[in-house]
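Shown next, in structure tokens, is the structure this report addresses.
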Amino acid sequence: MNQQISHTQIIEFMRSVSIMSTSTIAVDGPVNSILLFAVDDDFTIYFSTHSESRKAKALLNNPHIALSIWKYNEMLVQADGLVSLVTDPKAIDASFDKLSMAVENIKDFWPPVVHIEGERYSIYKIKLSRLSVLPLKDLTIHDYHNPFLSVILPA
Amino acid sequence: MKKILFVEDDKFLVRIYKLKLEAVGYSVRIVEDGDLVQAVLNEWTPDLIVLDIMMPKKDGFQVLEELGKNEEMRDIKVLALTQLQMDSDINLMKRLGANYYMSKRQSTYKDVIEKIQSIIPNN
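Those protein sequence lines, which keep their order, are chains V and L. For the first sequence, this note's numbering assigns the number 50 to the initial residue and increments by one for each residue that follows. For the second sequence, this note's numbering assigns the number -2 to the initial residue and increments by one for each residue that follows.
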């Protein structure tokens, strides 16, 4: 496959989905979660979860995260990076704005996190260290090369 | 366009309410604590106040009391949306001027949007 895809196309795809599957590493094994997310133009990703959740505890143990964002017949994004807690009040406010807009992308959707009382969830951000993309529309029947496109992330 | 003031200290939740209600044609302003209500009402009169009761600085009971004392504001409809479920709390909300009550523990988000649409139809 010899295809180029722009950062803008990837970001637009990610925003159109707004839901990701994540994997984290707890002391007693892997943790997989489905999460609402928002993404900045520089690929910084934001999510929110219950501060006492298994994945929150896993992230305290190990801040590495892997994630996938997928839409049938369109694109698969795979990435990994490091998670940090957002603590600055202004940054938290800005993150809530971004996550709210992400909710708006999905009709009639109220994410599970808003069923948790406000003071009991936290905002996290992911600084990606690797990102690869598989455009699914134009996959040929056979391809001798790895069909994933590695994306050079902004510094 | 009908106007709603949302008073709710859950920052994420209240932003989503705002977007969802704006999507169905309402004008929405939000404040994150009861102590900020008066400043908004001094310059903007909503058709409905959706009022959380348990808030850190000024609770919904105090807000209701103040609204009741103000002749210009006592006719604004109030929907109390709260975790409180005891009859004594509900009775106090109503006595202080809440027109409607919904329990956060017994209502879905869809219920809240539909209730607002029934109180102030947007057409």
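Don't be surprised by glycine CBs; every beta carbon is placed ideally from N, CA and C. As the structure is a computational prediction, the values presented were derived from the model and not from experiment.
Alpha-carbon to alpha-carbon, residue j and residue i
i: Met63(V); j: Met70(L); result: 45 Å
i: Asn51(V); j: Asp90(V); result: Note on Asn51(V): pLDDT 46, under 50, position unreliable in the model; the coordinate value appears next. Those two C-alpha atoms are separated by around 25 Å.
i: Asp49(L); j: Ile141(V); result: 21 Å
i: Leu183(V); j: Ile175(V); result: 21 Å
i: Asp77(V); j: Pro112(V); result: 15 Å
i: Val28(L); j: Val163(V); result: 17 Å
i: Val47(L); j: Tyr97(L); result: 9 Å
i: Ser70(V); j: Leu84(V); result: 6 Å
i: Gln80(L); j: Asp7(L); result: 13 Å
i: Ile60(V); j: Pro138(V); result: 26 Å
i: Val126(V); j: Val66(V); result: 11 Å
i: Leu64(L); j: Lys156(V); result: 35 Å
i: Lys0(L); j: Gln114(L); result: 12 Å
i: Asn39(L); j: Asn154(V); result: 34 Å
i: Asp72(L); j: Glu62(L); result: 13 Å
i: Gln59(L); j: Ile87(L); result: 14 Å
i: Pro203(V); j: Lys147(V); result: 20 Å
i: Gln58(V); j: Tyr95(V); result: 19 Å
i: Lys101(L); j: Val88(V); result: 30 Å
i: Pro124(L); j: Ser85(L); result: Past the edges of chain L, shown from -2 to 120, lies residue 124(L), and the structure says nothing about it.
i: Lys66(L); j: Pro161(V); result: 39 Å
Interface partners of residue i on chain L, CB under 7 Å
i: Leu148(V); result: Phe9
i: Val163(V); result: Phe9, Leu10, Ile13
i: Tyr197(V); result: Contrary to the premise, residue 197(V) reads as Phe rather than Tyr in this sequence. What Phe197(V) touches in chain L: nothing, since even the nearest Cβ is about 34 Å away.
i: Phe145(V); result: Lys8, Phe9, Arg12
Test item: CB-CB of residue i and residue j under 9 Å
i: Phe86(V); j: Ala151(V); result: yes
i: Lys15(L); j: Val4(L); result: no
i: Val37(L); j: Leu2(L); result: yes
i: Tyr23(L); j: Trp159(V); result: no
i: Ser97(V); j: Ser144(V); result: yes
i: Ile110(L); j: Lys74(L); result: no
i: Lys186(V); j: Asn81(V); result: no
i: Ile68(V); j: Asn110(V); result: no
i: Phe9(L); j: Ser117(V); result: no
Interface residues of chain L facing residue i [CB-CB closer than 8 Å]
i: Asp142(V); result: Lys8
Under 8 Å from the C-beta of residue i: neighbouring residues of chain V
i: Ile1(L); result: Those do not exist, as Ile1(L) stays about 16 Å from chain V at its closest Cβ, beyond 8 Å.
i: Ile27(L); result: Near Ile27(L) there are no residues of chain V at all, since even the closest Cβ is about 11 Å away, more than 8 Å.
i: Leu81(L); result: Residues of chain V passing the Cβ test: none, with the nearest at roughly 13 Å.
Inter-residue CB distance, residue i and residue j (contact presumed, cutoff 8 Å)
i: Ser72(V); j: Ala128(V); result: 11 Å between Cβ atoms; not a contact.
i: Ser199(V); j: Ser178(V); result: Wrong, their Cβ atoms sit about 12 Å apart, outside the cutoff.
i: Lys112(L); j: Met99(L); result: 6 Å
i: Ile201(V); j: His99(V); result: Rounded, the Cβ-Cβ distance is 35 Å, inconsistent with contact.
i: Val21(L); j: Asn119(L); result: 7 Å
Chain V residues whose Cβ lies nearer than 7 Å to that of residue i
i: Tyr106(L); result: Trp159
Proximal residues of chain L, C-beta to C-beta of residue i below 9 Å
i: Ser97(V); result: Phe9
9 Å Cβ cut-off: residues of chain V touching residue i
i: Leu16(L); result: Ser149, Met150, Val152, Glu153
Please determine if the region 20 to 36 of chain L and the region 159 to 177 of chain V are in contact, where contact requires at least 3 C-beta pairs separated by less than 8 Å.
These segments do not touch.
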